[in-house]
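Comments concern the structure below.
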Amino acid sequence: PPPPPPAPLAGLDATLDGVIGDGENDGLMELESAGVGGEESKPVAAGGLCSCLTVGYYQPYFDIDTVDVYRRLKSTVTFMKDEETFLTSVSTKPDAYGPFWTATTLIFIISATSNISRYLAKGYNYDFELVSFCMSFIYGYLVVLATALWAAFTYFVKLPVRYMSLMCLVGYSFALYIPCTILATFSALSWPSIVLAGVGSTLFVLKSIVPVISARKEKAVTVLSLLVAAQVVFMLIIKFKFYSHSS
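Just so we're aligned, residue 2 is where the sequence shown starts under the working numbering, counting upward by one.
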């Protein structure tokens, strides 16, 4: 076999490799920064195949500072000014704490304000079924939309995105509904506030999704159309199920 190159030449080869790089890997850097590609880092927990049924499996997703949660909530309002997309910012450490409490807060606000709105329109008529429906609807939509996006990226678009990153994106998007559903208590503000929340929430999600899915333009229209349709249906259900009596 030929002798190895002298040390200076070996160092030059290493330098050229660092400058030129691997074109394929360089092309994937932007996608990977948004949580695309590769294997999702999973917490280590005992229990083998049943480890997902243990508390320890999910504990890392709740290990987040209040400052980080505040910063992520703030980004739902300032997302149009932020250079970095939300999906990119949470790619290294997605959390379930923020989405859970954002969804829970929204459930509480909708349950309270919808009954207050009903009282203002028709007098006292507390409907406890609205609370149970609201819980099932909000939590269900969070899980279903995140799962649908993950399946679409993984099997249709062929650009796997980390599931917890999508869960984080959808969960924090609910934050825009919280102040708007408070305003929806008043009849005159019902439609404008809920439409504003729906539009803002959809744009927040789209800003993170579009840069990723643009790598597969031929399939982007289908996924984005279904996403927007789902968001519109979500908004309309909130309006007609919880605030239709104030129209």
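Backbone N, C-alpha and C define an ideal beta-carbon position, used for all residues, glycine too. This one's a predicted model, so the numbers in the text were calculated from it and none came from an experiment.
Residue i: which of the options sits nearest, CA to CA?
i	options	result
Ile-239	Lys-208, Val-91, Ile-110, Ala-149	Ile-110
Phe-205	Ile-214, Met-81, Trp-192	Met-81
Phe-129	Gly-141, Asn-116, Ser-137, Ala-122	Asn-116
Arg-217	Phe-157, Gly-199, Lys-208, Arg-73	Phe-157
Arg-73	Ser-174, Tyr-178, Ile-214	Ser-174
Thr-181	Ile-210, Val-200, Tyr-71	The amino acid at residue 181 is misidentified as Thr; the sequence shows Cys. Per the Cα distances, Val-200.
Excluding the five sequence neighbours on either side, which residues of its own chain have a C-beta within less than 6 Å of the C-beta of residue i, listed in chain order?
i	result
Ser-245	none
Tyr-98	Phe-63, Ile-65
Tell me the rounded alpha-carbon separation between residue i and residue j.
i	j	result
Glu-84	Ser-188	37 Å
Thr-67	Leu-225	32 Å
Leu-29	Gln-232	Note that Leu-29 scores 40 on pLDDT, short of 50, meaning its location in the model is unreliable; the coordinates nonetheless yield the value given after this. Those two C-alpha atoms are separated by around 29 Å.
Lys-242	Phe-134	9 Å
Tyr-62	Leu-88	15 Å
Phe-101	Ala-176	11 Å
Ser-209	Val-78	14 Å
Pro-163	Tyr-120	The identity of residue 163 in the sequence shown is Arg, whereas the question assumes Pro. Roughly 44 Å between the two C-alpha positions.
Val-234	Lys-75	25 Å
Ser-1	Ala-198	Residue 1 falls outside the range modelled here, since the chain spans only 2 to 248, and no answer is possible.
Check whether the Cβ of residue i lies closer than 6 Å to any heavy atom of the ligand NAD, and answer yes or no.
i	result
Val-171	Annotation note on the ligand NAD: not contained in the displayed structure, which lists no ligands.
With H, G and I counted as helix, E and B as strand and the rest as coil, what does DSSP make of residue i?
i	result
Val-222	helix
Val-162	strand
Tyr-244	coil
Met-81	coil
Ile-214	helix
Ile-65	coil
Ser-92	coil
Ala-152	helix
Asn-126	coil
By Cβ distance below 8 Å, which residues in the same chain neighbour residue i in space, the five residues on each side in sequence not counted?
i	result
Ile-214	Phe-154, Val-158, Leu-160, Lys-220, Ala-221, Val-224, Leu-225
Near residue i, what residues of its chain come up, given a Cβ to Cβ distance below 7 Å and the 5 sequence neighbours on each side ignored?
i	result
Tyr-142	Phe-235
Val-229	Thr-203
Meets three-Cβ-pair contact criterion under 8 Å: the segment 117–127 and the segment 87–99: no
At least three beta-carbon pairs within less than 8 Å, the segment 167–182 to the segment 143–151: yes
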